[in-house]
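Notes follow the structure.
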Amino acid sequence: MTYSDYVERVFARLPTIPEQEDIEGVKKYIAQCEAWGFTEEEARIVNYYSEEVSPQFSEEYALAKMRPIYQKYIDNGTLKPSRPNFYQ
Numbered sequence: 006m007t008y009s010d011y012v013e014r015v016f017a018r019l020p021t022i023p024e025q026e027d028i029e030g031v032k033k034y035i036a037q038c039e040a041w042g043f044t045e046e047e048a049r050i051v052n053y054y055s056e057e058v059s060p061q062f063s064e065e066y067a068l069a070k071m072r073p074i075y076q077k078y079i080d081n082g083t084l085k086p087s088r089p090n091f092y093q
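Take a look at the structure:
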């Protein structure tokens, strides 16, 4: 699959993906971030703290890092919360 320059730039700024089979999924999620209007830095942060890219982080820690970005896009109406207590 061919990806946009945005996806390739964000992907290039991530560390090596531990599991080769996760690379395509990470690139697809970066493309989704682009569609939502995330800046490249926001997409990098959200993907950096994902389990596929950085499995060493606890879910609690990773969500704390991602939460402000998702909240920004929930507040502007781009995203809807998917977990009832995610932001509490």
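Just so it is clear: in the sequence shown, position 80 is 85 by the working numbering, and no numbers are missing.
Backbone N, C-alpha and C define an ideal beta-carbon position, used for all residues, glycine too.
Is the CB-CB distance between A17 and I35 below 7 angstroms?
Taking 7 angstroms as the Cβ cut-off, A17 and I35 do not qualify as a contacting pair.
Classify A67: buried if its beta carbon has 16 or more other beta carbons within 10 angstroms, exposed otherwise.
With 16 or more other Cβ atoms within 10 Å, it is buried.
With DSSP collapsed to three states, give me the class of P73.
Collapsing the DSSP output to three states places P73 in a helix.
What do you reckon, are the CB atoms on F62 and Y54 nearer than 7 angstroms?
The criterion of a C-beta distance shorter than 7 angstroms is satisfied by F62 and Y54.
Would you decide whether A32 is buried or exposed? Buried here means 16 or more other CB atoms lie within 10 Å of its CB.
Note on residue identity: the sequence assigns Lys, not Ala, to residue 32. K32 should be labelled buried.
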